[in-house]
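Residue numbers (the numbering used here): 9 to 377. First up is the structure itself, then whatever we jot down about it.
Spelled out as structure tokens, the structure:
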């Protein structure tokens, strides 16, 4: 037997038909206990909500969501872009069960560096612990995994579980049992063995810092080491070994380019985006390093432009040019990168922040909207 809906669907459909409008917005499916079970967005909210009532149950996801809801709430916003941002923030705030279970969005490929006594450098997706550094995003998971393996081997960093117990050399018990490394990488010379007291904490931390400097573009010590070994093997006429080192050089060179391009892509999303509203309610978004810092009605008069310029100045504190992605803003960063990559016209409606800050009397809005 099919489960009964949580409310009178005919009554709910009449309410949507009579009171909802075909405007951009977000909607929330409310469960019998008052909790939000699903958040969605649409360019035409009324049409989207009515499509739920036509979906066959239980085959269609929309019908299953509707059957679990006892009420529907909606809010209109200025545009599709505003709806995307609102939807993202509501999902992040409420974590609706259907959004979590049925989210098919491809997760970004990221390089992560954990915190703690023996940090681990690895490849993952999605935001992790706030103490974990995140770098990216990248397009090819396979290439990133291969590159991080080379980097870990060169720096002799561990690739075991984050929960693996760590014992540094200065923590060993003089009269205790001799510890053994938990994998073969220590015997192969590709791990310093922090699990068995074969390395000091300062030594291991220095290796991690070198890897972080490389990922953040502040140093290329791993590449220098590979070049040195490659040249030495060539001078010794060990051509097979030189070729082996050349392969690692190519991998690291690709990783250096990829991390540089990823940082540049994030930094490039710094401007004022003038977003036309569906009903003339245009908005101006201050975007810096691929996150929305402020939003206001698009200024059109000199007085409104001066007020918006003051708003920009309040959000322009100095920030480091390099570094990991913000964990709190990671999903928003991915959304903005996708939006401006897939909507070429949106780029044409952007204005450099410097143009807004330049008090030359020019209207920055006039040539963007």
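Where is the CB? At the ideal position from N, CA and C, for every residue including glycine.
So is residue i buried or exposed if we call it buried at 16+ other beta carbons inside 10 Å?
i: residue 16; result: exposed
i: residue 82; result: buried
i: residue 349; result: exposed
i: residue 28; result: buried
i: residue 108; result: exposed
i: residue 365; result: exposed
i: residue 352; result: exposed
i: residue 378; result: Because the chain is modelled from 9 through 377, residue 378 falls outside the range shown and cannot be assessed.
i: residue 218; result: buried
i: residue 283; result: buried
i: residue 194; result: buried
i: residue 272; result: exposed
i: residue 164; result: buried
i: residue 50; result: buried
i: residue 148; result: exposed
i: residue 47; result: buried
i: residue 55; result: exposed
i: residue 25; result: exposed
i: residue 326; result: exposed
Which residue's Cα is closest to the Cα of residue i: the options?
i: residue 116; options: 77, 136, 107; result: 136
i: residue 173; options: 143, 127, 261; result: 127
i: residue 305; options: 299, 294, 166; result: 294
i: residue 5; options: 196, 205, 311; result: Because residue 5 is not part of the residues shown, which for the chain are 9 to 377, the question remains open.
i: residue 212; options: 232, 256, 162; result: 162
i: residue 131; options: 160, 101, 342; result: 160
i: residue 178; options: 20, 202, 158; result: 202
i: residue 336; options: 120, 299, 310, 58; result: 299
i: residue 289; options: 158, 261, 347, 308; result: 308
i: residue 20; options: 53, 77, 216; result: 77
i: residue 166; options: 146, 59, 200, 265; result: 200
i: residue 72; options: 37, 55, 85, 54; result: 37
i: residue 361; options: 157, 301, 18, 340; result: 301
i: residue 419; options: 222, 292, 319; result: For residue 419 there is no data in the structure shown, the boundaries of the chain being 9 and 377.
i: residue 94; options: 355, 359, 344; result: 344
i: residue 286; options: 327, 52, 153, 268; result: 52
i: residue 100; options: 354, 338, 347; result: 338
i: residue 297; options: 318, 275, 240; result: 275
i: residue 75; options: 61, 13, 154, 118; result: 13
Where does residue i fall in DSSP's three states?
i: residue 305; result: strand
i: residue 165; result: coil
i: residue 151; result: helix
i: residue 268; result: helix
i: residue 171; result: coil
i: residue 194; result: helix
i: residue 216; result: helix
i: residue 116; result: coil
i: residue 299; result: strand
i: residue 292; result: strand
i: residue 121; result: strand
i: residue 274; result: helix
i: residue 263; result: helix
i: residue 283; result: strand
i: residue 318; result: helix
i: residue 254; result: helix
i: residue 13; result: coil
i: residue 145; result: strand
i: residue 206; result: coil
i: residue 183; result: Interpretation of residue 183 is limited by its pLDDT of 43, a score under 50 that renders its predicted location unreliable; the figure taken from the coordinates is listed afterwards. In the structure shown, residue 183 sits in coil (DSSP, three-state: anything other than H, G, I, E or B).
i: residue 132; result: strand
i: residue 310; result: helix
Does residue i have its Cβ less than 8 Å from a Cβ in chain B?
i: residue 168; result: Among the chains of the structure shown, chain B does not appear; only one protein chain is present.
Problem set entry | In chain order, each beta strand (DSSP E) run of at least 3 residues that lies wholly inside the stretch 336 to 372 | none
Problem set entry | Whole runs of the beta strand (DSSP E) within the stretch 24 to 104, excluding any shorter than 3 residues | 33 to 38, 44 to 50, 79 to 84
Exercise. Is the stretch 73 to 91 close to the stretch 32 to 42, with three or more CB pairs under 8 Å?
Worked result: yes
For this session: Specify whether the stretch 304 to 319 and the stretch 57 to 71 touch according to this definition: at least 3 beta carbon pairs, one from each stretch, less than 8 Å apart.
Result: no
Problem set entry | Any 3 or more C-beta pairs closer than 8 Å across the stretch 118 to 132 and the stretch 248 to 255 | no
Exercise. Would the stretch 330 to 337 and the stretch 135 to 149 be scored as touching if the rule is three or more Cβ pairs under 8 Å?
Worked result: yes
Exercise. Are the stretch 37 to 49 and the stretch 97 to 105 in contact at 8 Å, needing three or more beta carbon pairs?
Worked result: yes
Problem set entry | contact_flag[the stretch 216 to 235, the stretch 279 to 297] where n(CB pairs < 8 Å) is 3 or more | no
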